[in-house]
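Residue numbers (our numbering): 13 to 311.
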């Protein structure tokens with residue numbers, strides 16, 4: 013069943029490209045048009061069957077669209093979303109995949125005095141340390157969660173019919189859809205995604221700048237590799253994400269520093285019982301999380 017006749021993807025990279033591939037495979041879109049600032053990206057997307065048509069001009073790409081997905085880097089998404097909303101009628105859904113919602117909501121309110129009714133802010137909780145259209149895959153969103161913003165504070169005039177259709181699109185590509193407010197989304201993602209990335213970058217930076225005459229990586233094994241996998245993520249993309257959510261992230265860093273201080277105090281006082289109690293609680297929490305994640309992905 014066709015949900016959108018003409019899907020336009022603005023920014024044909026990992027996220028936008030994967031959605032295009034999945035939607036085409038599911039048979040829920042008629043035609044997929046891709047827009048990018050670089051010709052090479054569009055040619056790769058065409059060659060890989062990610063899109064059906066390519067456009068370098070934004071206004072041309074948007075003609076005839078009934079759904080637009082802004083999948084550009086986080087900071088650019090603000091500008092591109094505003095431009096798309098200005099060029100399109102309110103009957104066309106304009107959604108996004110950005111990891112931070114507060115900056116986009118603020119930009120829309122600053123420009124339009126409110127979030128337009130056809131702006132359906134969204135964020136799929138999926139990804140990879142790889143980037144670019146060549147990394148796009150049709151099952152990226154299978155059994156993953158997508159957050160759509162339905163915020164009575166900042167977007168009380170959201171078009172319910174368009175919100176439902178965007179939700180249907182995500183469900184068609186295998187995702188489970190949840191609704192949140194802007195503030196709740198950015199708080200949760202600061203804890204579960206943005207802080208972990210910052211910590212992974214920080215740990216590798218510390219080890220890379222180890223000033224003793226030993227290459228510590230020569231003695232590292234799977235534990236370090238697994239913990240720091242996300243430090244291989246795109247640096248420019250994550251610079252933008254972390255800066256966009258700096259307020260919520262700073263609060264998460266404060267909480268983390270308090271935990272580190274408590275653990276250091278336990279170490280310095282040789283309080284093995286307290287350490288073990290914390291570790292046991294943490295193990296139980298993580299085991300429960302992994303079990304729930306495994307169950308979710310095996311449905």
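No residue lacks a Cβ here, since even glycine has one placed at the ideal position from N, Cα and C.
Exercise. When the cut-off is 8 Å and only beta carbons count, does residue 82 lie next to chain D?
Worked result: Within the model displayed, chain D is absent; a lone protein chain is all it includes.
For this session: Mind the definition here: the segment 243-254 touches the segment 90-99 only if three or more C-beta pairs lie below 8 Å; say whether that holds.
Result: no
Exercise. From 19, 303, 50 and 129, pick the residue whose C-alpha is nearest to that of residue 81; which is it?
Worked result: Position 69 of the chain shown, counted from the start, is the residue given in the question as residue 81. Out of 19, 303, 50 and 129, 19 has the C-alpha closest to the C-alpha of residue 81.
Exercise. Would you call the segment 194-207 and the segment 60-73 touching, i.e. three or more CB-CB distances under 8 Å?
Worked result: no
Exercise. Residue 23 to residue 146, Cα distance in whole Å?
Worked result: Residue numbering aside, residue 23 sits at position 11 when the chain shown is read from its first letter. Residue numbering aside, residue 146 sits at position 134 when the chain shown is read from its first letter. Using only the alpha carbons, I get a separation of about 13 Å.
For this session: At 4 residues or longer, and completely inside the segment 141-193: list those alpha helix (DSSP H) runs for me, N to C.
Result: 172-184
Problem set entry | Alpha-carbon to alpha-carbon, residue 230 and residue 221 | Here residue 221 refers to the residue found at position 209 of the chain shown. Here residue 230 refers to the residue found at position 218 of the chain shown. When rounded, the distance between both Cα atoms is 14 Å.
Problem set entry | Rounded straight-line distance, which links the Cα of residue 53 to that of residue 284 | In the chain shown, the residue the question calls residue 284 occupies position 272. In the chain shown, the residue the question calls residue 53 occupies position 41. Cα to Cα, the separation comes out at about 55 Å.
Exercise. Would DSSP call residue 29 helix, strand or coil?
Worked result: Walking along the chain shown from the start, residue 29 turns up at place 17. Correct three-state label for residue 29: helix.
Exercise. Looking at residue 45 and residue 15, is the spacing between their C-beta atoms short of 8 Å?
Worked result: The residue labelled residue 15 in the question sits at position 3 within the chain shown. The residue labelled residue 45 in the question sits at position 33 within the chain shown. Their beta carbons are not under 8 Å apart, which means residue 15 does not touch residue 45 by this criterion.
For this session: Specify the secondary structure class of residue 85 as computed by DSSP and reduced to three states.
Result: Locating residue 85 in the chain shown gives position 73, counting from the first residue. In this structure, residue 85 counts as coil in the three-state DSSP scheme.
For this session: Using three-state DSSP, classify residue 247 as helix, strand or coil.
Result: Here residue 247 refers to the residue found at position 235 when the chain shown is read from its first residue. Helix, per DSSP.
Exercise. Over what stretch of residues does the beta strand (DSSP E) that includes residue 208 continue unbroken?
Worked result: Numbered from its first residue, the chain shown carries residue 208 at position 196. Per DSSP, residue 208 belongs to no beta strand (DSSP E); it is in the alpha helix (DSSP H), 207-220.
Problem set entry | Alpha carbon of residue 178 to alpha carbon of residue 26, nearest angstrom | Working through the chain shown from its first residue, we reach residue 178 at position 166. Working through the chain shown from its first residue, we reach residue 26 at position 14. Answer to the nearest angstrom: the Cα atoms are 19 Å apart.
Exercise. Just the Cα atoms here: how many angstroms apart are residue 195 and residue 259?
Worked result: Translated into positions along the chain shown, residue 195 becomes position 183. Translated into positions along the chain shown, residue 259 becomes position 247. Going from the Cα of residue 195 to the Cα of residue 259 covers about 11 Å.
Problem set entry | Neighbourhood of residue 137 by C-beta, 6 Å cutoff - its chain only, sequence neighbours within 5 removed | As a working mapping, residue 137 is identified with position 125 in the chain shown. Result list for residue 137: 156 and 157, in chain order.
Exercise. Do you know how far the Cα of residue 249 is from the Cα of residue 209?
Worked result: Looking up residue 209 in the chain shown gives position 197. Looking up residue 249 in the chain shown gives position 237. Roughly 11 Å separates the two Cα atoms.
Exercise. Would you call residue 134 buried or exposed, if buried means 16 or more other Cβ atoms sit within 10 Å of its Cβ?
Worked result: As a first step, residue 134 is located in the chain shown; it is residue number 122 there, counting from the start. With 16 or more other Cβ atoms within 10 Å, it is buried.
For this session: Could you check how far apart the C-beta atoms of residue 181 and residue 77 are, in whole angstroms? I think they sit under 8 Å.
Result: By 1-based counting over the chain shown, the position of residue 181 is 169. By 1-based counting over the chain shown, the position of residue 77 is 65. Not a contact, Cβ separation roughly 13 Å.
Problem set entry | Cβ neighbours of residue 150 in the same chain (closer than 6 Å, five flanking residues each side left out) | Locating residue 150 in the chain shown gives position 138, where the first residue counts as 1. Within the same chain, residue 150 has close Cβ partners 33, 34 and 37.
Problem set entry | Limits of the unbroken alpha helix (DSSP H) element including residue 267 | Position 255 of the chain shown, counted from the start, is the residue given in the question as residue 267. From DSSP, the alpha helix (DSSP H) with residue 267 extends over 258-280.
Problem set entry | CB of residue 160 within 8 Å of CB of residue 132, strictly | One-based indexing of the chain shown puts residue 160 at position 148. One-based indexing of the chain shown puts residue 132 at position 120. Yes, the Cβ-Cβ distance between residue 160 and residue 132 is below 8 Å.
For this session: Figure out for me which residue from 193, 72, 237 and 67 has the closest Cα to the Cα of residue 127.
Result: Taking the first residue of the chain shown as position 1, residue 127 is located at position 115. Answer by Cα proximity: 193.
Exercise. Anyone know if the C-beta pair for residue 187 and residue 212 falls short of 8 Å?
Worked result: Looking up residue 187 in the chain shown gives position 175. Looking up residue 212 in the chain shown gives position 200. Contact flag unset, no.
Problem set entry | Beta-ladder partner(s) of residue 91, from DSSP | Position 79 of the chain shown, counted from the start, is the residue given in the question as residue 91. In the DSSP output, where bridge partners are listed per residue, residue 91 has none listed.
For this session: Leaving out five residues on either side along the sequence, give the residues of the same chain with a beta carbon under 6 Å from the beta carbon of residue 184.
Result: As a first step, residue 184 is located in the chain shown; it is residue number 172 there, counting from the start. Contacts found: 38 and 40.
For this session: Give the straight-line distance between the Cα atoms of residue 130 and residue 97, rounded to the nearest whole angstrom.
Result: One-based indexing of the chain shown puts residue 130 at position 118. One-based indexing of the chain shown puts residue 97 at position 85. If you take the alpha carbons of residue 130 and residue 97, they lie about 8 Å apart.
Problem set entry | From 31, 288 and 113, residue whose alpha carbon lies closest to that of residue 153 | Taking the first residue of the chain shown as 1, we reach residue 153 at position 141. Closest option to residue 153, Cα to Cα, is 31.
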